[in-house]
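So the structure is just underneath, and the comments pick up after that.
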Amino acid sequence: MDATLKRKVTRDEVKPGESLCDYCTAKCCHYFALPIDTPTRRKDYDYIRWFLLHERATVFIESGTWYLLVYTTCRHLRADHLCGIYLTRPQICRAYSTNKCEYDDDWVYEQYFETPEQIEEYMEVVLPRKSGQSIRSPKPACLPIAQ
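Quick note: the sequence shown uses the numbering used here, first residue 1, plus one each step.
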């Protein structure tokens, strides 16, 4: 094993006066997630499908709440994984605490959608079918008879 590889420090190993951020690659600065309305209609799912048509966008459900997650790095994150505007950072960053941060999170969600097809399949399962709609695929058009 390469001697330059370090073992990841656990939360319990962080000494008093140190910050867990000193050992992290700033996971929290590489994305943002916003709660969205829980979809209840086909139109709602179509909006989510639109989100998922964009690069680096995903949707997840955690504790019953739906979120839009966008993987994008903060423009003020420095190469050393520290904040380039620490003293003037936004309030949301100031309020963020390492007590429940994702430093050692395994990133498992109740539901996680990366593609528009996944959300369409989910919608078909959870929403009732339209009146008269069969569970079977529509019958294909007849093929022309070769002469």
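Backbone N, C-alpha and C fix where the C-beta goes; we use that ideal spot for every residue, glycine too.
Within the region 33 to 92, ranges of the beta strand (DSSP E) (whole runs, at least 3 residues): 57 to 62, 65 to 71
Arg31 (DSSP reduced to helix, strand or coil): If you number the sequence shown from 1, residue 31 lands on position 31. Looking at the sequence itself, residue 31 is Tyr, so the reference to Arg does not match. If DSSP states are grouped into helix, strand and coil, Tyr31 belongs with the strands.
Classification of Tyr45 by the beta-carbon crowding that lies within 10 angstroms, buried from 16 upward: Indexing the sequence shown from 1 puts residue 45 at position 45. Answer is buried; the Cβ neighbour count reaches 16.
Helix, strand or coil at Tyr122 [DSSP, three-state]: Counted from its first residue, the sequence shown places residue 122 at position 122. Residue state, collapsed to three classes: helix.
Between the CA atoms of Tyr112 and Pro39 - distance to the nearest angstrom: In the sequence shown, residue 39 corresponds to position 39, counting from 1. In the sequence shown, residue 112 corresponds to position 112, counting from 1. The straight-line gap from Cα to Cα measures roughly 14 Å.
Bridge partners - Tyr23, DSSP secondary structure assignment: As a working mapping, residue 23 is identified with position 23 in the sequence shown. Answer by DSSP bridge pairing: none, since Tyr23 is not bridged.
Proximity below 8 Å, CB of Thr65 to CB of Pro35: For the purposes of this step, residue 65 is identified with residue 65 of the sequence shown, where counting begins at 1. For the purposes of this step, residue 35 is identified with residue 35 of the sequence shown, where counting begins at 1. In this structure, Pro35 lies closer than 8 Å to Thr65 by Cβ.
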